[in-house]
Amino acid sequence: GVGEPVELDALWERYRREAPAYQLATSRTRRDYAARMQLLLGHFGSACDVATLTAHDFQVYVQRRMAGGMVRPDGVATGPVRARSADGDLVLLNIVCRWAMTVRLPSGRRWLAENPLQGFRRPREPNPRRPIATWERFEQTRAAMRRLREVATEDAERIRWLHLELA
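Take our numbering: the last position of the sequence shown gets the number 1158, and nothing is skipped along the way.
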């Protein structure tokens, strides 16, 4: 009937059996998905009604996942991870939930009426390779451009240095 829970373990098992994207996935991707789902099931519980999950629930999951100490079904505790690992788990949950929104039940309604992850901002971390200049370096660069503009012999060159400084 209407309002029946969409339990996380049932959702995962049906996704594995029926979803074309999962059926076409490589064995490596399937293993990755299975490992990620085990962490999600361990945290939320197999009987968790996916439709009732909130942004707060996902934020708590991300914090726990990044801190480490989540116990996998084999009894091994996870170590601390970066935001990308927690993000990967939520990407999988998002894929499964989007698929469930396409599944029609005998009643004609969709198995999952809406995606609980919709609108939730997944965890991100700054790119560690992106250089970030200090204010002092920024000011030194501008001063160098001003000096080059002052010694320029042609108007076109002076204008180019002025444009670079403004940029």
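Even glycine gets a Cβ: it sits at the ideal position worked out from N, Cα and C.
On a predicted model such as this, the values are computed, not experimentally measured, just so you know.
Integer-rounded CB distance, given that residue j should sit under 8 Å from residue i
i       : j       : result
ARG1140 : TRP1152 : 4 Å
ARG1007 : TYR1013 : 6 Å
ARG1075 : GLU1116 : 7 Å
ARG1137 : GLU1156 : 7 Å
From the options, residue whose alpha carbon lies closest to that of residue i
i       : options                            : result
VAL1062 : CYS1088, ASP1040, PHE1035          : PHE1035
ALA1104 : PRO1117, TRP1090, PHE1111          : TRP1090
LEU1031 : ASP1080, ARG1022, ASN1106          : ASP1080
ALA1010 : ALA1143, ASP1065, MET1092          : MET1092
ALA1046 : GLY1099, TYR1024, GLY1110          : GLY1110
VAL1067 : ASP1146, ARG1100, GLY1033          : GLY1033
ARG1112 : PRO1119, VAL1082, PHE1129          : VAL1082
ASP1000 : THR1020, CYS1088, ASP1065, GLY1099 : CYS1088
ALA1158 : ALA1147, ASP1146, PHE1129          : PHE1129
Residue span of the alpha helix (DSSP H) that contains residue i, given as start and end
i       : result
THR1020 : 1018–1035
GLU1148 : 1146–1157
ILE1086 : 1074–1091
GLU1116 : Here GLU1116 belongs to no alpha helix (DSSP H), and DSSP marks it neither H nor E.
GLU995  : It is not in any alpha helix (DSSP H) - GLU995 carries neither H nor E in the DSSP assignment.
TRP1126 : 1126–1142
ALA1046 : 1046–1058
LEU1096 : First-last for LEU1096: undefined, no H or E at that position.
ALA1015 : Note that residue 1015 is Leu in the sequence shown, not Ala. Looking at the DSSP string, the run of the alpha helix (DSSP H) that includes LEU1015 is 1011–1015.
Cut-off 6 Å between Cβ atoms - residues of its own chain near residue i, not counting five sequence neighbours on either side
i       : result
ASN1085 : LEU1108
ALA1077 : VAL1053, ARG1056, MET1057, PRO1114
GLY1059 : THR1069, GLY1070, PRO1071
LEU1044 : PRO1107
PHE1049 : PHE1111
Cutoff 8 Å; reference residue i; Cβ partners in own chain excluding five residues on either side
i       : result
GLU998  : SER1037, ALA1038, CYS1039, ASP1040, VAL1041
ALA1124 : THR1132
ARG1101 : ALA1091, MET1092, THR1093, VAL1094, ARG1095
ALA1016 : TYR1024
ASP1065 : none
Close beta carbons around residue i, own chain, < 7 Å, minus the five adjacent residues each side
i       : result
ARG1005 : none
GLY992  : Residue confidence is low: GLY992 scores 41 on pLDDT, short of 50, so the model does not pin down where it sits. Its coordinate-derived value is still stated next. Counting only Cβ-Cβ distances below 7 Å, and skipping sequence neighbours, we find nothing.
ALA1143 : ARG1149, TRP1152
PRO959  : Lying before the first or after the last residue shown, residue 959 is absent from the chain, which here runs from 992 to 1158.
Any non-hydrogen atom of the ligand SAM closer than 7 Å to residue i Cβ
i       : result
PRO1117 : Inclusion of the ligand SAM in the displayed structure is not the case, the ligand content being empty and no account of it being possible.
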